[in-house]
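Enquirer: The sequence shown begins at 6 in this note's numbering and counts up one residue at a time.
Below is a structure I'd like to ask you about.
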Amino acid sequence: MSEQFRFDLFPLIQTERFILRSAEAGDSHDLLALYSDEAVVQYMPFTPFESVEDAQGEMNWYTKIFKEHTGLRWMIEDRETRKVIGTCGFLNYEDVHHRAEIGYDLRSSFWGRGVMTEVACAVLHFGFTSMQLNKIEAKVEPENEASIRLLHKLGFQQEGVLRQHEFEKGRYIDLAVFSKLRSEISPQGFQ
6 MSEQFRFDLF PLIQTERFIL RSAEAGDSHD LLALYSDEAV VQYMPFTPFE SVEDAQGEMN
66 WYTKIFKEHT GLRWMIEDRE TRKVIGTCGF LNYEDVHHRA EIGYDLRSSF WGRGVMTEVA
126 CAVLHFGFTS MQLNKIEAKV EPENEASIRL LHKLGFQQEG VLRQHEFEKG RYIDLAVFSK
186 LRSEISPQGF Q
């Protein structure tokens, strides 16, 4: 097994159609376009972004979690257009437990094209191999059917529901908890 990832250099991941990389200053307008879309942020804990400063604040958070070794968030750059069309990564990383939570989002104009399946497979592979995670979790509002379909496609299993677990946008929300274990990776690898 290779040496475990140690949060020294931000990893670059390439898939057939996308480049997964760290946030750059020029990404703020693409992030604003992503997070100003009400459909994208419907199940996220914040309201649509209104300014480039909002996007810069989000990128500052990506830098912070990487420096603190609690997560890493890749920008999803479309190879064809060179635009950032979404993000994917880990948060709540717990080295002692070999566990992290995956999160992802995508511009609505790219929904239904297999983008997140391709990207998430690469991110999961990185998590289980380079980070040597044993468990990757996901927390999703039960009404977010598209995200739940993706998790099932990726081989995640639902563990349960955290009832009224968070207070967001003026209401308490339930979170369905999903997970995938390293031992559940098929001999063929990732989809």
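Using N, Cα and C, we set each Cβ at its ideal position, and we do this for glycine too.
Could you give the first and the last residue of the continuous beta strand (DSSP E) run that contains glutamine 169?
Expert: As a first step, residue 169 must be located in the sequence shown, where it is residue number 164. Note, glutamine 169: beta strand (DSSP E), 162–173.
Enquirer: Classify tyrosine 109: buried if its beta carbon has 16 or more other beta carbons within 10 angstroms, exposed otherwise.
Expert: For this step, residue 109 is matched to residue 104 along the sequence shown. Buried.
Enquirer: Which residues share a DSSP beta bridge with glutamine 19?
Expert: Taking the sequence shown and counting its residues from 1, the one referred to as residue 19 is at position 14. Answer by DSSP bridge pairing, in chain order: Ile24.
Enquirer: Tell me whether phenylalanine 172 is buried or exposed, calling it buried when 16 or more other Cβ atoms sit within 10 Å of its Cβ.
Expert: Here residue 172 refers to the residue found at position 167 when the sequence shown is read from its first residue. Classification for phenylalanine 172: exposed.
Enquirer: Under a three-way DSSP split, which group does leucine 14 fall into?
Expert: The sequence position of residue 14 within the sequence shown is 9, counting from 1. Looking at leucine 14 - three-state DSSP - the assignment turns out to be coil, as it is neither helix nor strand.
Enquirer: Tell me the residue span of the alpha helix (DSSP H) that contains tryptophan 66.
Expert: Counting from one through the sequence shown, the residue named residue 66 turns up at place 61. Note, tryptophan 66: alpha helix (DSSP H), 57–72.
Enquirer: Rounded to a whole number of angstroms, what is the C-alpha to C-alpha distance between lysine 69 and lysine 158?
Expert: Translated into the one-based positions of the sequence shown, residue 69 becomes position 64. Translated into the one-based positions of the sequence shown, residue 158 becomes position 153. When rounded, the distance between both Cα atoms is 31 Å.
Enquirer: When you compare only the Cα positions, how much space is there between methionine 6 and threonine 134?
Expert: The sequence position of residue 6 within the sequence shown is 1, counting from 1. The sequence position of residue 134 within the sequence shown is 129, counting from 1. Unreliable placement is indicated for methionine 6, whose pLDDT of 48 sits below 50; no coordinate value is reported for it.
Enquirer: Taking the CB atoms as reference points, tell me whether aspartate 13 and methionine 80 lie closer together than 8 Å.
Expert: Translated into the one-based positions of the sequence shown, residue 13 becomes position 8. Translated into the one-based positions of the sequence shown, residue 80 becomes position 75. No; because the gap between Cβ atoms is not below 8 Å, this pair is not in contact.
Enquirer: Return yes when the Cβ of histidine 103 is within less than 8 Å of the Cβ of lysine 140, no when it is not.
Expert: Looking up residue 140 in the sequence shown gives position 135. Looking up residue 103 in the sequence shown gives position 98. In contact: lysine 140 and histidine 103 (Cβ atoms closer than 8 Å).
Enquirer: Could you tell me the alpha carbon to alpha carbon distance between valine 120 and valine 89, rounded to whole angstroms?
Expert: Within the sequence shown, numbered from 1, the residue matching residue 120 stands at position 115. Within the sequence shown, numbered from 1, the residue matching residue 89 stands at position 84. Looking at the two C-alpha atoms, the distance is approximately 12 Å.
Enquirer: Leaving out the 5 sequence neighbours to the left and right, which residues in its chain are closer than 7 Å to phenylalanine 131 when beta-carbon positions are compared?
Expert: Here the question's residue 131 lines up with position 126 in the sequence shown. Pro16, Ile18, listed in sequence order.
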